[in-house]
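Report on the following structure.
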Amino acid sequence: MTSIRKVLRLDGKWQIAEGGMEECPPTFDRVVPVPGLVDLATPAFEQVGLNSPRREAFWYRRTFRVTGEMPPVALLKVYKATYGTRVMVNGHFAGEHLPCFTPGWFDVRPHLKRGPNEIVIRVGAWRESVPRSVADGFDFEKIRYSPGIYDSVELHLTGTQHVVRVQTVPDIEAQTVRVVALLRNAGSEAGTGAVRFTVRESRSRCVAGIAELPDVDFAPDAEQEVVVSIPIHDCRLWSPEDPFLYDLEVSTVGDSFETRFGMRSFRFDRETGFGVLNGKRYPLRGSNTCLFRFFEDSECGNKPWDAKWVRRLHRRVKEMNWNSMRYCIGFPPEAWYRIADEEGILIQDEFPIWYVNRWPEELKSDQLVREFTEWMQERWNHACVVIWDAQNETEGEVTGEAIRAVRNLDLSNRPWDNGWGHYREETDVFEAHPYAGIGGTLDMVDFAKRPPRPGLEGSLTNNTAPYGGGPVIINEYAWLWLNRNGTPTKGTQAVYASLLGANPTIDQLRTTRARLFAAKTEFWRSHQQVAGIQHFCLLGFSRPGMGTAPDAVHPELMHGSQGEIIGLISRKDPQTAAPNLLSDAYGNTEGMTSDDLVNVEKVLIEPIFQRFVRDAFDPVGVMIDWWGDLQFAPRDANRPVPVAVINDLPDEVRGELLLRISPNTQVVPPRRAGKIVARVPLHVTPHGRTLLQIPWTAPANQGEYHLVAEARLSGRRAVQSWRDLTVTKI
813 MTSIRKVLRL DGKWQIAEGG MEECPPTFDR VVPVPGLVDL ATPAFEQVGL NSPRREAFWY
873 RRTFRVTGEM PPVALLKVYK ATYGTRVMVN GHFAGEHLPC FTPGWFDVRP HLKRGPNEIV
933 IRVGAWRESV PRSVADGFDF EKIRYSPGIY DSVELHLTGT QHVVRVQTVP DIEAQTVRVV
993 ALLRNAGSEA GTGAVRFTVR ESRSRCVAGI AELPDVDFAP DAEQEVVVSI PIHDCRLWSP
1053 EDPFLYDLEV STVGDSFETR FGMRSFRFDR ETGFGVLNGK RYPLRGSNTC LFRFFEDSEC
1113 GNKPWDAKWV RRLHRRVKEM NWNSMRYCIG FPPEAWYRIA DEEGILIQDE FPIWYVNRWP
1173 EELKSDQLVR EFTEWMQERW NHACVVIWDA QNETEGEVTG EAIRAVRNLD LSNRPWDNGW
1233 GHYREETDVF EAHPYAGIGG TLDMVDFAKR PPRPGLEGSL TNNTAPYGGG PVIINEYAWL
1293 WLNRNGTPTK GTQAVYASLL GANPTIDQLR TTRARLFAAK TEFWRSHQQV AGIQHFCLLG
1353 FSRPGMGTAP DAVHPELMHG SQGEIIGLIS RKDPQTAAPN LLSDAYGNTE GMTSDDLVNV
1413 EKVLIEPIFQ RFVRDAFDPV GVMIDWWGDL QFAPRDANRP VPVAVINDLP DEVRGELLLR
1473 ISPNTQVVPP RRAGKIVARV PLHVTPHGRT LLQIPWTAPA NQGEYHLVAE ARLSGRRAVQ
1533 SWRDLTVTKI
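Throughout, this note's numbering is defined as the position within the sequence shown, counted from one, plus 812.
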């Protein structure tokens, strides 16, 4: 029969109930949004995300209608659900999918009927609902592991000869896209039919390319792969500066399948150490989102599934002069990737593994190969995804074994990041996390003496894997977190006490964070020794001081049973610990980290941080190469000021470099405050670096001052670098 794919989107309000793992509850007395988390159910459940004796699982239920003639093929897609997915259709078991972060496909055609149908989906109630042989998303900082169908659900109805999946492989030099399509004949009889490929510009819908395979033989009950190359008319490349997208439609006699892609290439150059986008050097500047931590934030609500809120978040990325993001320790809903495609943000896509040196023995590479394969097949057409990231800060060989097995599946040959794993190819990138301040004190003079490429001997990094040369990406650094209310986090209390003493004001804390953060960023950028800098993090959780509960990152909490965890927390016999002690203690645990926001609803970044850090990430970066407590006396007051200016852009920049002096006050001065004490012409070549020694005259009066280097460039906003100095009598 001739049939075109029909997709029933099953997002919306579902009924939900709690219960055991095997028996479906007899009644469903609450509702919950899909996609979303169980946290959003009304009326609310208690102790969601904890290993509570109240339930083992949550059961979702809804009805839908199938109209018209029954199609030969009916596939249910659950994009992502935690923890473990079991599907029932009209009372019949349709399949189970244990992975928590990749899509599950279920053949529901044998159980489907015309008219009304019932679907029931069971998910485990907590992280340990899936066996330890499956990646469970453990995070040393998380407390609650909230379950739920956190991405979309769709029913795909199509014909016998249909498209299983498609991979687009852009060739920007030839201005063609190679399309590799996996087709299936679900029928018992062989057939022959045409397969047509149409490329359209996503916005205008203008046809940009067509190809056709006129006589494809379909063997009975079999899959086959077909390949075509399609020239793109007036080919336009995708980049953060011009996120131009195309739609591809693949049609058979029984199906019509669509996907979206961008004409772009990305790789790392081992010799130069830089990323190369569309054949040109392209330094990465960016941040992280740690969505699974945000899931347990009190202000999360339905925001991760609100397209306007998610788009606003990604636009804040561009406003901060960032062109890239790492989706850290957990994949967001698929809509985030579509928005990143549209907004033009390069994504380092990190699989949710963070075990450090405590790898669960049950999790083997063969299981990771299955999960990595599902991940890559789901994501490989997104223009935004440029780095496959296998894990975060985890030792061992298992992820490397899995990468070896799957890397050739991606015909675009994206580079890989393997965290602290020892396996990397020459095309891959080395991940460094140079956290100056992690020990509780911060000496900027010592910091600035470190080698500017983490991984070299004597450098500052917590990556325990051997470096071995090649590109380096810094995707975590600083150790300067403040809670959204401006107080230090549990991880930074000692740092700020050493810097500011007792009882600093919120403005002092925020200004100190912003200034030091900007200075560290200037250091790593100005030497042009790393491929990318992504700070941690734009979005996570904020868990300010709420008590003195035990450390939530105790390593024994990783796979402990509820009794073991309660015992650790209470330091008592777990058999006598109060049943609610776990949730009470965890509810009062301070966060080690936090994020950059002060208003989550409006996605507003803390203004002082934005003021200084946005400049530090400007494509034309400025750094005063002075560090520590600067003191000047009459005998050395005229020492030249060393300033480095770098240019990430492919075009030269011209303008002038100013030095400003203004009194040091507690309130952050206006950008143009102070007296101009020097002015020199500025010229930086494409992707170049200019070092200046600027003559100046220090203030005659003793006191505390701000020294500001300001680059004024033709057609661009001014960029500043700040240092403090003291003028003394001696």
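Note that CB positions come from ideal geometry on N, CA and C, so glycine has one too.
* Asked: From Q1340, T1401 and L1328, pick the residue whose C-alpha is nearest to that of S1354; which is it?
  -> Sequence index remark: in the sequence shown, residue 1354 carries index 542 (1-based). Of the listed residues, the one whose Cα sits closest to S1354 is T1401.
* **Minimum C-alpha distance to A1428 - residue among A1510, A1530 and T897** => Counting from 1 along the sequence shown, the entry for residue 1428 is found at position 616. If we check each option's Cα against that of A1428, A1530 comes out closest.
* **I933 versus D1229: straight-line alpha-carbon distance, rounded** => Residue 933 sits at position 121 when you count from the first residue of the sequence shown. Residue 1229 sits at position 417 when you count from the first residue of the sequence shown. Near 34 Å, if we compare the C-alpha coordinates of D1229 and I933.
* Asked: Which residues in the same chain as W1121 place their Cβ atom closer than 6 Å to its Cβ, once the five residues preceding and following it in sequence are excluded?
  -> Counted from its first residue, the sequence shown places residue 1121 at position 309. Contacts found: K1115.
* Any beta strand (DSSP E) of 3 or more consecutive residues that is wholly inside the stretch 872-910 -> 885-890, 897-901 and 904-909
* Just mark A1214 as buried or exposed, buried being the case when its beta carbon has 16 or more other beta carbons within 10 Å. => Numbered from 1 along the sequence shown, position 402 holds the residue referred to as residue 1214. A1214 is buried by the Cβ-count criterion.
* **Beta-carbon spacing of I1157, C1102 below 8 Å** => In the sequence shown, residue 1157 corresponds to position 345, counting from 1. In the sequence shown, residue 1102 corresponds to position 290, counting from 1. Not a contact, by the Cβ cut-off of 8 Å.
* Could I get the ranges of all uninterrupted beta strand (DSSP E) runs contained in the stretch 1043-1099, with 3 residues as the minimum, in chain order? => 1058-1064, 1067-1073, 1078-1080 and 1087-1089
* State the Cα-Cα distance for the pair E1190 and D951, rounded to the nearest angstrom. => Your numbering for residue 1190 matches position 378 in the sequence shown. Your numbering for residue 951 matches position 139 in the sequence shown. Approximately 24 Å between the Cα atoms of the pair.
* Asked: Does the Cβ of G927 have 16 or more other Cβ atoms within 10 Å, making it buried, or fewer, making it exposed?
  -> Sequence index remark: in the sequence shown, residue 927 carries index 115 (1-based). By the 10 Å Cβ count, G927 comes out exposed.
* Taking I1286 and V1342 to be in contact with their CB atoms under 8 Å, please state how far apart those CB atoms are, rounded to whole angstroms. => Against the sequence shown, residue 1286 aligns to sequence position 474. Against the sequence shown, residue 1342 aligns to sequence position 530. Yes, they are in contact, since the Cβ atoms of I1286 and V1342 sit about 6 Å apart, within 8 Å.
* For the alpha helix (DSSP H) that contains T972, what are its first and last residues? -> Stepping through the sequence shown from its first residue, residue 972 is reached at position 160. From DSSP, T972 is part of no alpha helix (DSSP H); its letter is neither H nor E.
* Alpha carbon to alpha carbon, what distance is there between S1041 and G1005? -> For the purposes of this step, residue 1005 is taken as residue 193 along the sequence shown, with counting starting at 1. For the purposes of this step, residue 1041 is taken as residue 229 along the sequence shown, with counting starting at 1. Approximately 19 Å, taken between the alpha carbons.
* To do: Can you tell me which of S958, R1076 and N1450 puts its alpha carbon nearest to the alpha carbon of L862?
  => In the sequence shown, the residue the question calls residue 862 occupies position 50. Cα-wise, what sits closest to L862 is S958.
* To do: Could you name each continuous alpha helix (DSSP H) segment of 4 residues or more that falls completely within the stretch 1153-1223, going from the start of the chain to the end?
  => 1177-1191 and 1210-1218
* **Short Cβ contact (8 Å threshold) for S1016 with L1057** => For this step, residue 1016 is matched to residue 204 along the sequence shown. For this step, residue 1057 is matched to residue 245 along the sequence shown. Not in contact: S1016 and L1057 (Cβ atoms no closer than 8 Å).
* **Helix, strand or coil at D1229 according to DSSP, with G and I counted as helix** => In the sequence shown, the residue the question calls residue 1229 occupies position 417. Of the three classes helix, strand and coil, the one that applies to D1229 here is strand, per DSSP.
* To do: Reducing DSSP to helix, strand and coil, say where S1136 ends up.
  => Position 324 of the sequence shown, counted from the first residue, corresponds to residue 1136. Correct three-state label for S1136: strand.
* Asked: Taking the alpha carbon of L888 as the point to measure from, which residue in A906, T1323 and G1281 has its own alpha carbon closest?
  -> Within the sequence shown, the letter at position 76 stands for residue 888. The option with the nearest alpha carbon to L888 is A906.
* Tell me whether Y1167 counts as near the ligand PLP, meaning its Cβ is closer than 7 Å to at least one heavy atom of that ligand. => What this structure holds is no ligand at all, so the ligand PLP is not there to describe.
* Cβ-Cβ separation, V1425 to M1132 (assumed contact under 8 Å), whole Å -> The sequence position of residue 1132 within the sequence shown is 320, counting from 1. The sequence position of residue 1425 within the sequence shown is 613, counting from 1. The Cβ separation is near 7 Å, so the contact holds.
* Asked: Given a threshold of 16 other Cβ atoms within 10 Å of its Cβ, counted over all protein chains shown, does M1435 qualify as buried or as exposed?
  -> As a first step, residue 1435 is located in the sequence shown; it is residue number 623 there, counting from the start. With 16 or more Cβ atoms within 10 Å of its Cβ, M1435 is classed as buried.
* Between the Cα of R1466 and the Cα atoms of P1475, R1501 and P1454, which residue gives the shortest distance? -> Residue 1466 sits at position 654 when you count from the first residue of the sequence shown. Looking at the Cα atoms, R1501 is the closest of the given residues.
* Asked: Straight-line CA distance for R877 to I931?
  -> One-based indexing of the sequence shown puts residue 877 at position 65. One-based indexing of the sequence shown puts residue 931 at position 119. So the alpha carbons of these two residues sit roughly 11 Å apart.
* **CB contact flag (G1087, F1080, <8 Å)** => Taking the first residue of the sequence shown as position 1, residue 1087 is located at position 275. Taking the first residue of the sequence shown as position 1, residue 1080 is located at position 268. Yes, the Cβ-Cβ distance between G1087 and F1080 is below 8 Å.
* DSSP three-state call for F870: helix, strand or coil? -> Numbered from 1 along the sequence shown, position 58 holds the residue referred to as residue 870. Here F870 sits in strand by DSSP.
* Asked: Helix, strand or coil: how does DSSP classify V1307 here?
  -> Here residue 1307 refers to the residue found at position 495 of the sequence shown. Helix.
* Asked: What's the C-alpha gap between V890 and G916?
  -> Looking up residue 890 in the sequence shown gives position 78. Looking up residue 916 in the sequence shown gives position 104. Cα to Cα, V890 sits roughly 5 Å from G916.
* Report the rounded CA-to-CA distance for D1460 versus I961, giving the unit in angstroms. => As a working note, residue 1460 is residue 648 in the sequence shown. As a working note, residue 961 is residue 149 in the sequence shown. Rounded to whole angstroms, D1460 to I961 spans 41 Å at the Cα level.
* Asked: Any idea if P1507 is buried or exposed, counting beta-carbon neighbours within 10 angstroms, 16 or more meaning buried?
  -> Taking the first residue of the sequence shown as position 1, residue 1507 is located at position 695. Exposed.
* CA nearest to the CA of Y1279, picked from L1272, T1273 and G1267 -> By one-based count along the sequence shown, residue 1279 stands at place 467. Cα-wise, what sits closest to Y1279 is G1267.
* Does the beta-carbon distance from E1183 to T897 come in below 8 Å? -> Translated into positions along the sequence shown, residue 1183 becomes position 371. Translated into positions along the sequence shown, residue 897 becomes position 85. No, these two residues do not count as a Cβ contact at 8 Å.
* Asked: Would you call the stretch 1240-1252 and the stretch 1280-1299 touching, i.e. three or more CB-CB distances under 8 Å?
  -> yes
* Asked: What does Q987 pair with, by DSSP beta-bridge criteria?
  -> As a first step, residue 987 is located in the sequence shown; it is residue number 175 there, counting from the start. Q987 pairs with nothing; no bridge assigned.
* To do: Compare the Cα-Cα distances from N1476 to each of H1518, R1325 and T1323 and report the closest residue.
  => The residue labelled residue 1476 in the question sits at position 664 within the sequence shown. The candidate whose alpha carbon is nearest that of N1476 is H1518.
* **Close Cβ partners of D1463 (< 8 Å) along its chain, the five nearest in sequence each way excluded** => Against the sequence shown, residue 1463 aligns to sequence position 651. Answer for D1463: P1498, listed in chain order.
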